[in-house]
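If you're matching positions, the sequence shown starts at 0 in numbering that gives the first Met the number 0 and goes up one per residue.
Ideal Cβ placement from N, Cα and C applies to all residues, glycine included.
It should be emphasised that the depicted structure is a prediction, and the values quoted were computed from it without experimental measurement.
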Amino acid sequence: MGPTLETCAELLRPLRAMLGLKQVAMQRGQFTTEQVPYAAAGLLTELVFRGECRASDLAHHRIVDASVVSRQVGQLEQAGLITRRPDPADRRVALLRATAEGERAVAELERRKAEWIGEALAHWDDAKVRQLAGLLGEAMDDIRRNTIQDGACLAGPVTKEGTR
Numbered sequence: 000m001g002p003t004l005e006t007c008a009e010l011l012r013p014l015r016a017m018l019g020l021k022q023v024a025m026q027r028g029q030f031t032t033e034q035v036p037y038a039a040a041g042l043l044t045e046l047v048f049r050g051e052c053r054a055s056d057l058a059h060h061r062i063v064d065a066s067v068v069s070r071q072v073g074q075l076e077q078a079g080l081i082t083r084r085p086d087p088a089d090r091r092v093a094l095l096r097a098t099a100e101g102e103r104a105v106a107e108l109e110r111r112k113a114e115w116i117g118e119a120l121a122h123w124d125d126a127k128v129r130q131l132a133g134l135l136g137e138a139m140d141d142i143r144r145n146t147i148q149d150g151a152c153l154a155g156p157v158t159k160e161g162t163r
C-alpha cells in the first residue's frame with residue numbers, strides 16, 4: 000500500500016531543510032576546496048565512488064543533461080583531478096577516472112563533511128546515525144530507481160542553464 004500523501008509531505012519538510020543547510024554550508028566554503036571547482040565537486044565525488052565510467056553514465060546517474068557533465072569534466076580535467084582514455088569497447092567514447100590528486104581532494108571534502116555532521120549530531124550515538132544512514136540510503140535508492148524508471152526524470156533532465 001505504501002505511505003499516505005500526508006506522511007510523505009512530512010518527510011519533504013526535513014529533506015528541504017537538509018538541502019537548504021547543505022547550500023548554506025557550501026556557500027560558506029565548508030564543502031569546497033580551492034582545488035575542486037564548486038560546481039564540479041559532486042561529479043568528482045561521484046566518479047571517485049563509482050570508479051571509471053563514461054560521461055553519459057554520470058549524466059544518467061546524476062539525472063542531468065550531458066552538457067552539464069561535459070562542462071564539469073572539462074573543469075576537472077583542466078585541474079588535473081580526472082583523466083580520460085578511449086573506451087576499448089567503443090573508441091569514440093572516453094572513460095573518465097579520478098586521478099590520485101582527485102581522490103585526495105574528495106577524501107578531504109568527505110572528511111570536512113563528516114566533521115560538519117559530527118559536530119551537528121554530537122549528542123547522537125553511532126547506532127542512531129547508522130540507522131538514519133540506512134533509512135536514507137534505502138529511501139534514496141527507491142526514489143532514484145522510481146525516477147529513472149519513469150524516463151530519467153519526470154520533467155526531463157536539468158540543462159546547463161539549470162532549466163528543464
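Practice problem: Specify whether the segment 42-52 and the segment 8-20 touch according to this definition: at least 3 beta carbon pairs, one from each stretch, less than 8 angstroms apart. | Solution: With a cut-off of 8 angstroms, the segment 8-20 and the segment 42-52 do not count as touching, because too few Cβ pairs lie within range.
Quiz prompt | Buried versus exposed call for Ile81 [16 or more other C-beta atoms within 10 Å across all chains shown] | solution = Sequence index remark: in the sequence shown, residue 81 carries index 82 (1-based). Flag for Ile81 reads buried.
Quiz prompt | Exposure of Pro36, with buried meaning 16 or more beta-carbon neighbours within 10 Å | solution = In the sequence shown, counting from the first residue as 1, residue 36 sits at position 37. Residue burial annotation: Pro36 is buried, with at least 16 other C-beta atoms found within 10 angstroms of its C-beta.
Quiz item: How would you call Ala119, buried or exposed, if buried means at least 16 neighbouring beta carbons within 10 angstroms?
Solution: Translated into the one-based positions of the sequence shown, residue 119 becomes position 120. Exposed, by the Cβ-count rule.
Quiz item: How is the beta strand (DSSP E) around Ala93 delimited, first residue to last?
Solution: For the purposes of this step, residue 93 is taken as the residue at position 94 of the sequence shown. Ala93 -> beta strand (DSSP E) spans 89-97.
Self-check item: Cβ-based neighbour list, Ala8, same chain, cut-off 8 angstroms, excluding 5 preceding and 5 following
Solution: Mapped onto the sequence shown, residue 8 falls at position 9. No residues qualify anywhere along the chain.
Exercise. Please list, in chain order, all residues of the same chain as Val128 whose beta carbon is under 7 angstroms from its beta carbon, the five residues on each side excluded.
Key: Translated into positions along the sequence shown, residue 128 becomes position 129. Same-chain partners within the cutoff: Leu120.
Quiz item: Helix, strand or coil: how does DSSP classify Val128 here?
Solution: As a first step, residue 128 must be located in the sequence shown, where it is residue number 129. Here Val128 sits in helix by DSSP.
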